[in-house]
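What follows is a short report on a single structure.
Residue numbers (our numbering): 12 to 264.
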C-alpha cells in the first residue's frame, strides 16, 4: 500500500505546474477532524483537481489559520513544492480561510456550496410537512411485504432520503411521482397515502426541486467560470428571495 501511495504522489508531482491554486475542505467524523487539500490547475485545457492530502490536522486541537498553513506547507513538501507555488485559495467564506489567504498574500475564492446548501435547507424547511409525508409513504413501501408487492407491478424500487445529501431528497420525490400510482394499489398504503390536495402541493414542490437540481448540476460543471458562477448565484437569489445573502461575492480581493 505504501508503494501505491508513493507512486500516486510521484505521478501527481509530475503533473503539478510551477504555480497552482488549492482547495480546502474540512470534515469531521467520529470525533476526528480531517482536512482535505486539493490542487487546482489546468493541464492541456482541462481542469485538474488532484487530492494532495486527506488527514487529521497536525494539531487536532488547533484549527487556526496558522495551523492550516503549517498543514499545507507539510503537504506541499511531499510534492517538492513550497507555499510560494500557491496562487489562490478556494474554500468556505469563514474567518479562518480569509485570514489564511491574507497570510499567504493570495486571493481567496469563496465556495458557493455553503450558501447554496443554506438555500436548499431553507427551501426544505418550508416544505417539511410535504417531504415528511412522502418520506412516510416511501418508508412504508420499503417493508419486505410491500416491496415484494411493488416489484410485481414495477421494477423501480422506492428511494429514501438521507441527511447527508440534499440530492437524495430530490431523488425520493422524483421516485415517488414515478411509482405513486402503483403505490396506491398496494393494500397496506392507502391509509397513509396523501390526499389529492396534498398531491397537488407535492407537484408544486417537485417543480421547486427541479429548479434547485438544475442549479446543482450547473454548479458542478467543470467549465464553469467565476463570472458564470456570479450570474448563477444572482439568478438563484432572484428565484428564491429568501436565499441567504451572506458571502455574496464569489471572489474577494
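Every residue gets a Cβ at the ideal spot worked out from N, C-alpha and C, and that includes glycine.
In the displayed model, residue 221 falls within a helix according to three-state DSSP. In the displayed model, residue 101 falls within a strand according to three-state DSSP.
Scanning the segment 115-148 from its first residue to its last, the whole beta strand (DSSP E) runs of 3-plus residues come out as 119-121. Under the DSSP assignment, residue 35 falls in the beta strand (DSSP E) whose first and last residues are 31-40.
Each residue's CA atom was taken as its position, placing residue 128 and residue 23 some 31 angstroms apart. Beta-bridge analysis with DSSP links residue 54 to 57. Listed in chain order, the non-local C-beta contacts of residue 48 below 8 angstroms within the same chain comprise 33, 34, 35, 62, 63, 64, 65, 82, 83 and 86, local neighbours out to five positions each way being set aside.
The residue among 173, 76 and 53 with its C-alpha nearest the C-alpha of residue 236 is 53. Taking 7 angstroms as the cut-off, the Cβ atoms of residue 210 and residue 183 do not count as close. By the neighbour-count criterion, in which 16 or more other beta carbons inside 10 Å mark a residue as buried, residue 140 falls on the exposed side.
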